[in-house]
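Q: This is the structure I want to talk about, given as structure tokens.
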Amino acid sequence: TNSLANAILTTGTSSSQTTAGTTTERKTMSGAQIAKDEKRSKKILVRAISGAGLITVFSSCVYMGHLYVCWIVALSEFLLFRELVKVRYNAYFHTIQDTIPLFRTTQWMWFCLAIFYTYGDFVCEVV
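Those letters in the sequence shown? Residues 20 to 146, per our numbering, in order.
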């Protein structure tokens, strides 16, 4: 594929010649290379569809108003904190297990307290 890209850049071939070149190059590929090329195409398609879906969900939440945007932010904070706790816990499990009782519970309680103080005024205003 690199030789084809270099040929296109240096000679300035048209799109009809590029398609013919791709077909010819594909005929010279081995079965494993064709399977890898098809997997790559499938991955791109899946990522494009997933990206479009995520953009649609986010846009609809923004369109629905402030409350839904706050829920998205709170959800992303929750998921991020969960991942950070999991990484730290897995890295230091042998030390934490014996020395700090209720390590995870303590971290989650501090997180809940921080979220309460961060969003408490907003919730009081809305309710």
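By construction, the Cβ of each residue, glycine as well, lies at the ideal position given by its N, Cα and C atoms. Here the structure is a predicted model, which is why all the values come from computation and not from measurement.
Count the C-beta pairs between the region 89–105 and the region 126–141 that are closer than 8 Å, then say yes if the count reaches three, no if not.
A: Segments in contact, yes.
Q: So the alpha helix (DSSP H) G84 belongs to, where does it begin and stop?
A: For the purposes of this step, residue 84 is taken as residue 65 along the sequence shown, with counting starting at 1. From DSSP, G84 is part of no alpha helix (DSSP H); its letter is neither H nor E.
Q: Counting only runs of 4+ residues fully inside the region 84–138, write out the alpha helix (DSSP H) ranges in chain order.
A: Complete alpha helix (DSSP H) runs here, min 4: 85–110 and 112–118.
Q: Please tell me whether F130 and F100 are closer than 7 Å, where the distance is taken between their beta carbons.
A: For this step, residue 130 is matched to residue 111 along the sequence shown. For this step, residue 100 is matched to residue 81 along the sequence shown. Contact flag set, yes.
Q: Please state the DSSP three-state secondary structure of S49.
A: As a first step, residue 49 must be located in the sequence shown, where it is residue number 30. Three-state DSSP puts S49 in coil, outside helix and strand.
Q: Which residue's Cα is closest to the Cα of F122: A54, R107, I63 and V146?
A: Within the sequence shown, numbered from 1, the residue matching residue 122 stands at position 103. Of the listed residues, the one whose Cα sits closest to F122 is R107.
Q: Whole angstroms are fine: how far does the CA of A51 sit from the CA of K62?
A: Position 43 of the sequence shown, counted from the first residue, corresponds to residue 62. Position 32 of the sequence shown, counted from the first residue, corresponds to residue 51. Spanning the two alpha carbons is a distance of roughly 16 Å.
Q: Look up V225 in the DSSP assignment and say whether it is helix, strand or coil.
A: Any answer about residue 225 is impossible in this case: the structure gives the chain only from 20 up to 146.
Q: Give the DSSP-derived three-state secondary structure of V145 in the structure shown.
A: Locating residue 145 in the sequence shown gives position 126, counting from the first residue. Three-state result, V145: helix.
Q: Might you give, ordered along the chain, the residues of its own chain that have their beta carbon closer than 8 Å to the beta carbon of E57, omitting 5 neighbours on each side?
A: By one-based count along the sequence shown, residue 57 stands at place 38. Excluding residues within five positions, none has a Cβ falling inside 8 Å.
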